[in-house]
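Here the structure comes first, spelled out in structure tokens, and everything after it is commentary.
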Amino acid sequence: MVDTKVTLSGIVLDNPVIPASGTFGYGKEFAALYDINCLGTFSFKGTTREARFGNPTPRIAECNAGMINAVGLQNPGVEAVIAHELPEMKKFFHKPVMANVSGFSVEDYAYTCAMLDKEEQVGWLEVNISCPNVHNGGMSFGVDPKAAAEVTAAVKAVTTKPVYMKLSPNVTDIVSIAKACEEAGADGISLINTLLGMRIDLRTKKPVIANKMGGFSGSAILPVALRMVYQVYEAVKIPVIGMGGVSSAEDVIEMMLAGATAVEVGAANLVNPYACRDIIADLPRVMEKYRINNLTDMIGGAHHG
Amino acid sequence: MKQGIYTIGHNRPLTADVWEMTLLGDTSPITAPGQFINIKLEGLFLRRPISVCHWDGEKLTIIYKVVGKGTEQMCAMGPREKLDVLAGLGNGFDVQKCGDHTLVIGGGVGVPPMYGLAKALLAAGKKVTAVLGFNTASEIFYENEFKALGVDTVITTVDGSYGVKGFVTHGLPEHYDYYCACGPLPMLKAVYNAAPTSGLLSFEERMGCGFGACMGCSCETKYGSKRICVDGPVLEKEEIVW
Ligand SMILES: Cc1cc2nc3c(=O)[nH]c(=O)nc-3n(C[C@H](O)[C@H](O)[C@H](O)COP(=O)(O)OP(=O)(O)OC[C@H]3O[C@@H](n4cnc5c(N)ncnc54)[C@H](O)[C@@H]3O)c2cc1C
Ligand SMILES: Cc1cc2nc3c(=O)[nH]c(=O)nc-3n(C[C@H](O)[C@H](O)[C@H](O)COP(=O)(O)O)c2cc1C
Ligand code: FES
Chain B
1 MVDTKVTLSG
11 IVLDNPVIPA
21 SGTFGYGKEF
31 AALYDINCLG
41 TFSFKGTTRE
51 ARFGNPTPRI
61 AECNAGMINA
71 VGLQNPGVEA
81 VIAHELPEMK
91 KFFHKPVMAN
101 VSGFSVEDYA
111 YTCAMLDKEE
121 QVGWLEVNIS
131 CPNVHNGGMS
141 FGVDPKAAAE
151 VTAAVKAVTT
161 KPVYMKLSPN
171 VTDIVSIAKA
181 CEEAGADGIS
191 LINTLLGMRI
201 DLRTKKPVIA
211 NKMGGFSGSA
221 ILPVALRMVY
231 QVYEAVKIPV
241 IGMGGVSSAE
251 DVIEMMLAGA
261 TAVEVGAANL
271 VNPYACRDII
281 ADLPRVMEKY
291 RINNLTDMIG
301 GAHHG
Chain G
1 MKQGIYTIGH
11 NRPLTADVWE
21 MTLLGDTSPI
31 TAPGQFINIK
41 LEGLFLRRPI
51 SVCHWDGEKL
61 TIIYKVVGKG
71 TEQMCAMGPR
81 EKLDVLAGLG
91 NGFDVQKCGD
101 HTLVIGGGVG
111 VPPMYGLAKA
121 LLAAGKKVTA
131 VLGFNTASEI
141 FYENEFKALG
151 VDTVITTVDG
161 SYGVKGFVTH
171 GLPEHYDYYC
181 ACGPLPMLKA
191 VYNAAPTSGL
201 LSFEERMGCG
211 FGACMGCSCE
221 TKYGSKRICV
231 DGPVLEKEEI
241 VW
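In structure tokens, the structure reads:
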């Protein structure tokens, strides 16, 4: 019997597979298809202080081996999530869930995290700092080590739950951002969010996406994500959750060898709604194929010796 | 919604760039006319949403226009080839809501779902009139299929090469008590403005998933935000915000 268990800030996951925020809603669409208790956990849709409609449509563009989205963090707001989504989720998901939080000011992040801190179902907070800071000309928190540290400290001050800072890959030096978060008290690092990209429609000669640009994700970004996970693992002592282009059990193990303690799966869920279930079912076969008995032993394996 | 592997029955051109394909497999996920399927194609990341034209036993029929990589790949496929399909997506048309004399209005590749709807309306004992709009005579398809159902069928062409000259709004009859429409956005808007009765309109949007997970297809309605892929594609006239 192979052992797929991993431990994320003291909470044991049956396996390292976690659907990524924004590709799994609050779980119910998938719970209607399969028993999602097979997952390690899942990261729910990026939740903000107020409800948001998001960006105008079209919000989606196809790419070779990937897609661009400009959803714009559509969500019902933290109060509605606590009042409606979490109680409903309790009926079909019986494990600690990862709460993904977004904000447009340091106060926003702290407010939303403080609200979610009170929820027993929430195991971890995953704080998405790819969002624009309205108090700083709309520059993303995630591109500036100082702003990233400020958000980290503000969130840590209002919660006792483990805080994973989710980094944007649209930076010149991912390591400096990760280190700033670690120094400010982060319990872990999640990466990567989507890469800024665009497509132009040859028929209309205009950008496909109404917002012109959006976040590129899917299989095509795996090498970029893997490289960043590898670099961050070397630079920090806190655990790393790796994601970006993962769509198979092989990809999960590759991410772990680069340094990920757990692995998120995003766009793949949209194309194959059973992607995470299938990856989990396939893990033992792939582990046996590569003579791996224990997944935890593989974490950061590519760095040693 | 259900994922399944479907076998192509036939795949034939109806006009220069519109094809009809039958898929053999489980049709039990399909519960209403106007629902759609989402098709996985080799080498393409996202699935392609296509309306169900009609279904019967173990067979469903789709009609698609060749516009890009995905539909080009589809028209090159032949009988016995397999497709990975998510079936039974979207709400579809609620036949119960429709009137005793319902107009079904289709424009271009908005025509296919209206065929299945016409069948369902007739089965529910309602009178049906079809208004089908095309650009020009050579692009017309399914006129005979509608007529074979015993449905009064008005054809409009933009250039006047066949039937009534103009848009579908030029072909609307005087008497009816409800309508259902599917077609390009300008057509839906024109119908919305021209038809005095209540109605149901089917919308298109670029989709990430097709089953409600990604919020890629949201639109605003009078009752809040809806996802075209699960809360639609069919919306009630009264809730639409243009
Ligand atoms: C609910 C629904 C039902 C539909 N029913 C039909 C139908 O019955 N018959 C038919 O011919 N067409 C239908 N369409 C449109 C059809 O989905 C597109 O024509 C098709 O996806 C084009 O794919 P492609 O690879 O050939 O084009 P490409 O332009 O290469 O596609 C690139 C990307 O854009 C998307 N895309 C392009 N055009 C559209 C569009 N009009 N709507 C949504 N996404 C688009 C594709 O899915 C793909 O992700 C429907 C669309 C929706 C949303
Ligand atoms: C449609 C869509 C919506 C997303 N929404 C969020 C979000 O709300 N919050 C967040 O932190 N990341 C969001 N992401 C990013 C993913 O969680 C993930 O970091 C990224 O897509 C890379 O993984 P992938 O290549 O497996 O998709 C979204 C991605 C997609 C495709
Ligand atoms: S296409 Fe994903 S929610 Fe509608």
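Protein chains in written order, with the working numbering: chain B, 1 to 305; chain G, 1 to 242. Think of the CB as a built atom: it goes at the ideal place given N, C-alpha and C, for glycine as much as any other residue. Since the structure is predicted, the reported quantities are computational estimates derived from the model, not experimental observations.
Can you tell me which residues form a DSSP beta bridge with residue i?
| i | result |
| --- | --- |
| T22 (chain G) | G:T61 |
| V151 (chain G) | Answer is none; V151 (chain G) lacks a bridge partner. |
| L195 (chain B) | B:F216 |
| K40 (chain G) | G:D84 |
| I240 (chain G) | G:T221 |
| A262 (chain B) | B:I241 |
| V163 (chain B) | B:L125 |
| N11 (chain G) | G:M21 |
| N193 (chain G) | N193 (chain G) is not bridged to any residue. |
| T31 (chain G) | Paired residues: none, contrary to the question. |
| Y179 (chain G) | G:L103 and G:G199 |
| P49 (chain G) | G:N38 |
| K165 (chain G) | G:T157 |
| Y255 (chain G) | Coverage of chain G is limited to positions 1 through 242, which leaves residue 255 (chain G) absent and any answer about it impossible. |
| L235 (chain G) | G:L201 |
| H54 (chain G) | G:T61 |
| N294 (chain B) | B:D3 |
| R227 (chain G) | G:S218 |
| G300 (chain B) | Answer is none; G300 (chain B) lacks a bridge partner. |
With 16 as the cutoff for other CB atoms within 10 Å, does residue i come out buried or exposed?
| i | result |
| --- | --- |
| R48 (chain G) | buried |
| Y26 (chain B) | buried |
| M98 (chain B) | buried |
| G242 (chain B) | buried |
| Y223 (chain G) | exposed |
| M89 (chain B) | buried |
| K189 (chain G) | exposed |
| H135 (chain B) | exposed |
| G110 (chain G) | buried |
| Q96 (chain G) | exposed |
| E242 (chain G) | First, the amino acid is wrong: residue 242 (chain G) is Trp here, not Glu. With fewer than 16 other Cβ atoms within 10 Å, it is exposed. |
| R52 (chain B) | buried |
| Y290 (chain B) | exposed |
| G208 (chain G) | buried |
| P145 (chain B) | buried |
| P76 (chain B) | buried |
| G125 (chain G) | exposed |
| H54 (chain G) | buried |
| I299 (chain B) | buried |
| A154 (chain B) | buried |
| N133 (chain B) | buried |
| T102 (chain G) | buried |
List the whole-angstrom C-beta distance separating residue i from residue j, where the pair is believed to meet the contact cut-off of C-beta under 8 angstroms.
| i | j | result |
| --- | --- | --- |
| V17 (chain B) | L39 (chain B) | 6 angstroms |
| T112 (chain B) | T152 (chain B) | About 14 angstroms; that fails the 8 angstroms criterion. |
| F141 (chain G) | T15 (chain G) | 6 angstroms |
| S130 (chain B) | G138 (chain B) | Actually they are not in contact, since the Cβ atoms of S130 (chain B) and G138 (chain B) sit about 12 angstroms apart, beyond 8 angstroms. |
| I238 (chain B) | A157 (chain B) | Their Cβ separation, rounded to whole angstroms, is 18 angstroms, which puts I238 (chain B) and A157 (chain B) out of contact at 8 angstroms. |
| G106 (chain G) | P233 (chain G) | Not a contact, Cβ separation roughly 14 angstroms. |
| V271 (chain B) | F45 (chain G) | 7 angstroms |
| V192 (chain B) | G244 (chain B) | According to the sequence as given, residue 192 (chain B) is Ile; it is not Val. About 5 angstroms; that satisfies the 8 angstroms criterion. |
| T169 (chain G) | T136 (chain G) | 18 angstroms between Cβ atoms; not a contact. |
| F92 (chain B) | I36 (chain B) | 7 angstroms |
| V311 (chain B) | A268 (chain B) | In the structure as shown, chain B starts at 1 and stops at 305, and residue 311 (chain B) therefore has no counterpart that could be examined. |
Can a CB atom of chain D be found closer than 8 angstroms to the CB of residue i?
| i | result |
| --- | --- |
| G108 (chain G) | Of the protein chains in this structure, namely B and G, none is chain D. |
Exercise. Relative to chain B, which residues along the segment 213-227 of chain G have a C-beta separation below 8 angstroms, given in chain order?
Worked result: A213, C214, M215, G216, C217, S218, C219, E220 and S225
Exercise. Which ranges does the alpha helix (DSSP H) cover as unbroken runs of at least 4 residues, wholly within the segment 87-146 of chain G, from first to last along the chain?
Worked result: 112-123
Exercise. Got a sec: which bits of the segment 248-273 of chain B sit with their beta carbon under 7 angstroms from any beta carbon on chain G, in order along the chain?
Worked result: N269, L270, V271 and P273
Problem set entry | In chain order, each beta strand (DSSP E) run of at least 3 residues that lies wholly inside the segment 2-75 of chain B | 6-8, 11-13, 17-19, 60-63 and 66-69
Exercise. Listed from N- to C-terminal order along the chain, which residues in the segment 50-72 of chain B have their beta-carbon within a distance smaller than 8 angstroms of any beta-carbon of chain G?
Worked result: F53, G54, T57, P58, R59, I60, A61, E62, C63, N64, A65, G66, M67, N69 and V71
Exercise. Just by C-beta distance, which residues in the segment 22-51 of chain G are closer than 8 angstroms to chain B?
Worked result: K40, L44, F45, L46 and R47
Exercise. What residue ranges within the segment 74-139 of chain B form continuous alpha helix (DSSP H) runs of no fewer than 4 residues, ordered along the chain?
Worked result: 86-92 and 106-117
Exercise. Listed in chain order, which residues of the segment 21-43 of chain B have Cβ atoms closer than 9 angstroms to some Cβ of chain G?
Worked result: G22, T23, F24, G25, K28, E29, F30, A32 and L33
For this session: Output, in sequence order along the chain, the residues in the segment 213-241 of chain B whose CB is closer than 8 angstroms to any CB in chain G.
Result: G218 and S219
For this session: Check distances from the C-beta atoms of the segment 175-204 of chain G to those of chain B and list, in chain order, the residues that come in under 8 angstroms.
Result: none
Problem set entry | Contact set between the segment 68-100 of chain G and chain B, restricted to residues whose Cβ is under 8 angstroms from the partner | L86
Exercise. Can you list, in chain order, the residues of the segment 68-97 of chain B whose Cβ is nearer than 7 angstroms to any Cβ on chain G?
Worked result: N69, V71 and Q74
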